[in-house]
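Count along the sequence shown from 1, then add 57; that gives the number in this note's numbering.
Worksheet: one structure, shown below.
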Amino acid sequence: MHETVAVVGAGTMGAGIAQVAALAGHPVVVLDAAPGAADRAIAGIRDQVTKLVARGKIDADPDALDLTAAGSLEALAPARIVIEAIVEDLAAKRSLFTDLERVVAPGCVLASNTSSLSPTAIAAGAARPERILGLHFFNPVPRMRLVEVIAGSDTAPEVADQAADLVTGWGKTVVRAAPTPGFIVNRVARPFYAEAWRLLAEQAAPPETIDAVLTGAGGFPMGPFALMDLIGHDVNEAVTRSVWTAFGHDPRFEPSRAQRDLVEAGRLGRKTGRGTYHHGPDSRPAVAAAVPPRPAPPKAIDHSATDLRALIARTGAPIVDGYHDTGTIELPSGSVLVRSTGVSATELAGRHGVPVIVVDRALDDATATAIAIASSDGCPADALHEATGLLQAAGLAVHVIDDAPGLIVTRTVAMLVNLAADALYQGVADAADIDTAMRLGANHPLGPLTWGDRWGADTVHTILTNLQHGYGDPRYRPSPLLRRRALSGGRFA
């Protein structure tokens with residue numbers, strides 16, 4: 058006999074949790090303060106399950122699901138676990154749990170689907186704080202496999218284990234996180250959005266180019282601007298601001314003024330028809346303008362450019378071994394290609410004494426479909442054309458952006474690795490759970506710590522140190538653990 062599950066809050070998240078629990082065989086009681094909301098949510102669940110059955114996605118009888126709309130808090134008394142999915146407000150959650158403690162049995166677990174509030178704070182003042190914890194589901198709940206289990210300071214270990222076992226039985230993948238701001242995903246994911254806003258503020262590239270490069274080179278399923286339009290800028294900006302505030306205005310989490318402007322203008326994304334992009338019935342998807350085709354140079358000289366070889370090998374162009382140890386690819390014009398290490402092309406041109414074109418990094422040089430490049434100030438057009446033609450010969454859509462240190466993928470991934478390393482360093486979660494959380498909760502193509510191991514901690518540390526020097530901004534300060542791994546040659550995962 059499956060235990061009764063109660064869900065308080067019949068919005069999108071609450072309905073999703075109720076659907077998953079009911080499909081797992083639990084009697085589910087749904088309560089919402091708005092009249093009729095619970096009934097509508099249950100009808101929506103049955104309709105959704107009917108569609109999934111018709112499409113062959115699941116085998117279930119929608120009418121057999123044990124779903125009940127509760128008329129009062131007292132109707133939740135039989136529940137063995139209550140999961141709240143109400144407004145993200147500390148006072149409201151505390152008040153709800155105080156009321157629930159008067160109704161449910163002493164052994165009933167009380168779980169909050171909070172995305173950022175500490176379960177310790179939510180449990181403050183509770184009669185039995187040891188039974189309160191965080192269960193952070195991700196939207197849409199039926200499709201997203203991840204659940205962050207967050208034990209508060211007073212949460213009993215057996216309560217956290219019981220909750221983890223429960224949602225694992227629902228087909229979810231559990232990660233354990235400490236009760237710190239943003240837990241794992243909402244903390245570590247911030248640079249994916251923040252670096253995009255910073256590049257836009259610097260006029261380095263338009264949104265559609267940033268999105269195209271992070272998908273085509275970075276391997277992310279969606280670019281940050283498209284994703285923020287999907288999530289809703291009000292939701293995304295509020296999470297960023299909450300984490301930033303909780304970390305004492307740490308510049309690594311600083312919200313974007315431009316995004317705040319969108320929120321204040323009501324341009325929230327798809328749900329309002331306009332965000333970064335237009336989403337009206339007659340609108341067309343924004344398409345990044347890659348550079349028109351250019352002829353590839355007849356040859357290039359490889360001066361120990363080990364981190365560009367896999368990319369250049371795709372071109373089929375004749376490559377001559379050079380005699381210098383500069384880590385560059387020399388083109389016929391005398392200009393050179395170099396892989397980004399967080400230094401601007403203009404600064405590198407001063408070091409090399411020739412025009413420089415910096416090439417962004419990629420998830421996998423063998424399969425990337427796009428790449429960003431930036432040239433030093435005063436770089437001749439023919440040199441840029443040579444570089445473009447060479448990379449186009451590799452089958453890449455080439456996007457020329459302004460000379461922003463770290464370009465797009467390089468700086469974004471380096472910051473993701475850095476915040477993941479800091480989360481590991483501060484005991485937020487173990488390495489495996491951090492990587493799992495970012496893959497399943499944020500849909501990143503690779504866990505950030507595995508990504509850091511692939512690039513090498515020394516490379517990531519160099520990128521961040523160069524960015525910090527170039528901008529004079531503490532947001533790029535390397536994590537102490539990243540610095541240690543860079544010095545020791547150790548791995549994260």
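Ideal placement from N, C-alpha and C gives every residue a C-beta, glycine not left out.
Item checked: Contact the segment 299–315 vs the segment 267–278: 3+ CB pairs below 8 Å -> Contact between the segment 299–315 and the segment 267–278 is absent, because fewer than three Cβ pairs lie under 8 Å.
Next item on the list: Report all residues from its chain with a CB closer than 7 Å to the CB of Asp156; omit the five preceding and five following residues, and keep chain order.
Entry: Within its own chain, the residues whose Cβ lies closer than 7 Å to the Cβ of Asp156, once the five positions on either side in sequence are excluded, are Leu130, listed in chain order.
Check: Is Ser397 near Val377, with beta carbons less than 8 Å apart?
Finding: For Ser397 and Val377, no; Cβs fall outside 8 Å.
Next item on the list: Let me know if Leu147 comes out buried or exposed under the rule of 16 or more other beta-carbons within 10 Å of its beta-carbon.
Entry: With fewer than 16 Cβ atoms within 10 Å of its Cβ, Leu147 is classed as exposed.
Checklist line | Which listed residue (Gly113, Leu153, Gly93) has its alpha carbon closest to that of Ala127 | finding: Here the closest residue by C-alpha is Gly93.
Note to self: Please tell me whether Gly239 and Ser173 are closer than 8 Å, where the distance is taken between their beta carbons.
What the structure shows: In contact: Gly239 and Ser173 (Cβ atoms closer than 8 Å).
Checklist line | Where the beta strand (DSSP E) through Glu387 begins and ends | finding: It spans 385–387 - the beta strand (DSSP E) in which Glu387 sits, taken as one unbroken run.
Next item on the list: With a cut-off of 8 Å on the beta carbons, I'd call Ala514 and Arg468 a contact; round off their distance for me.
Entry: Incorrect: roughly 16 Å between the Cβ atoms, too far for contact.
Checklist line | Beta-bridge pairing of Ile189 - partner residues as DSSP gives them | finding: Ile189 is bridged to Leu167.
Item checked: Cβ pair count under 8 Å reaching 3, the segment 445–453 against the segment 419–427 -> Contact between the segment 445–453 and the segment 419–427 is present, because at least three Cβ pairs lie under 8 Å.
Notebook entry, point to check: What is the rounded straight-line gap between the Cα of Asp116 and the Cα of Arg97?
Noted result: C-alpha separation (whole angstroms): 23 Å.
Checklist line | Meets three-Cβ-pair contact criterion under 8 Å: the segment 482–498 and the segment 436–451 | finding: Between the segment 482–498 and the segment 436–451 there are fewer than three C-beta pairs closer than 8 Å, too few to call the two in contact.
Notebook entry, point to check: In angstroms, rounded to a whole number, what distance separates the CA positions of Phe310 and Glu158?
Noted result: Answer to the nearest angstrom: the Cα atoms are 36 Å apart.
Next item on the list: Take every Cβ of the segment 530–548, pair it with every Cβ of the segment 497–515, and state whether three or more of those distances are shorter than 8 Å.
Entry: Touching, per the Cβ criterion.
Notebook entry, point to check: How would you write the range of the alpha helix (DSSP H) that Glu294 sits in, first residue to last?
Noted result: Note, Glu294: alpha helix (DSSP H), 290–303.
Notebook entry, point to check: For the putative contact between Thr363 and Met285, defined by C-beta atoms under 8 Å, what is the C-beta separation to the nearest angstrom?
Noted result: Contact doesn't hold; Cβ gap of about 36 Å is too wide.
Check: Candidates Ala471, Thr519, Ala494: which alpha carbon is nearest Glu252's?
Finding: Ranking Ala471, Thr519, Ala494 by Cα distance to Glu252 puts Ala471 first.
Next item on the list: From the DSSP output, in three-state form, read off Val87 for me.
Entry: For Val87, the secondary structure class from DSSP, reduced to helix, strand or coil, is strand.
Next item on the list: Determine which residues share a DSSP beta bridge with Leu203 and list them.
Entry: DSSP output for Leu203 lists Thr230 as bridge partner(s).
Margin query: Considering only the alpha carbon of each residue, which of Leu80, Gly82, Phe194, Asp123 lies closest to Thr69?
Written below: Cα-wise, what sits closest to Thr69 is Phe194.
Notebook entry, point to check: Assuming Arg298 contacts Pro312 under a Cβ cut-off of 8 Å, what Cβ separation, rounded to an integer in Å, is found between them?
Noted result: That belief holds up - the Cβ atoms of Arg298 and Pro312 are roughly 5 Å apart, short of 8 Å.
Next item on the list: Use the C-beta contact count for Ala477: other C-beta atoms within 10 angstroms, 16 or more gives buried, fewer gives exposed.
Entry: Buried: at least 16 other Cβ atoms inside 10 Å.
Note to self: Suppose the cutoff is 6 Å on Cβ atoms and the five residues either side in sequence are ignored; what does the same chain contact list for His381 look like?
What the structure shows: Closer than 6 Å at Cβ, skipping near neighbours: His360.
Check: Is the distance from the Cβ of Ala283 to the Cβ of Met495 below 8 Å?
Finding: In this structure, Met495 does not lie closer than 8 Å to Ala283 by Cβ.
Next item on the list: Could you tell me which of Arg202, Asn196, Leu203, Ala213 sits nearest to Ile189, measuring between CA atoms?
Entry: It is Ala213.
Next item on the list: Could you tell me the boundaries of the beta strand (DSSP E) in which Ser432 lies?
Entry: Run containing Ser432: 427–432, per the beta strand (DSSP E) assignment.
Checklist line | Collapsed DSSP secondary structure at Glu311 in the structure displayed | finding: Glu311: coil per DSSP, three-state reduction.
Notebook entry, point to check: Would you say the segment 69–81 touches the segment 204–218, given that touching needs at least three Cβ pairs under 8 Å?
Noted result: Result no; under three Cβ-Cβ pairs closer than 8 Å.
Next item on the list: Compute the Euclidean distance between the alpha carbons of Thr383 and Gly527, then round it to the nearest angstrom.
Entry: If you draw a straight line from the Cα of Thr383 to the Cα of Gly527, it comes to about 21 Å.
Notebook entry, point to check: Which residues bound the beta strand (DSSP E) around Ala126?
Noted result: Annotation for Ala126: the continuous beta strand (DSSP E) segment containing it runs 124–126.
Margin query: For Phe549, which residues in the same chain have their Cβ closer than 6 Å to its Cβ, ignoring the five residues on either side in sequence?
Written below: Same-chain partners within the cutoff: Ala488, Leu506, Gly509, Asp510.
Check: Exposed or buried, which one is Ala162 when buried takes at least 16 other CB atoms within 10 Å?
Finding: With fewer than 16 Cβ atoms within 10 Å of its Cβ, Ala162 is classed as exposed.
Item checked: Span of the alpha helix (DSSP H), counted from its first residue to its last, around Gly139 -> Reading off the sequence shown, one finds Val at residue 139, where the question assumed Gly. Looking at the DSSP string, Val139 is not in any alpha helix (DSSP H); the run it does join, the beta strand (DSSP E), is 138–141.
Note to self: Less than 8 Å between the beta carbons of Leu88 and Leu133, yes or no?
What the structure shows: When the beta-carbon positions are compared, Leu88 and Leu133 come within less than 8 Å of each other.
Margin query: As an exercise, report each continuous alpha helix (DSSP H) stretch of at least 4 residues that is fully enclosed by the segment 334–374, in chain order.
Written below: Assignment of alpha helix (DSSP H) within the segment 334–374, counting only whole runs of 4 or more residues, yields 366–370 in chain order.
Check: Going by the beta-carbon positions, is the gap between Ile358 and Gly379 smaller than 8 Å?
Finding: Their beta carbons are under 8 Å apart, which means Ile358 touches Gly379 by this criterion.
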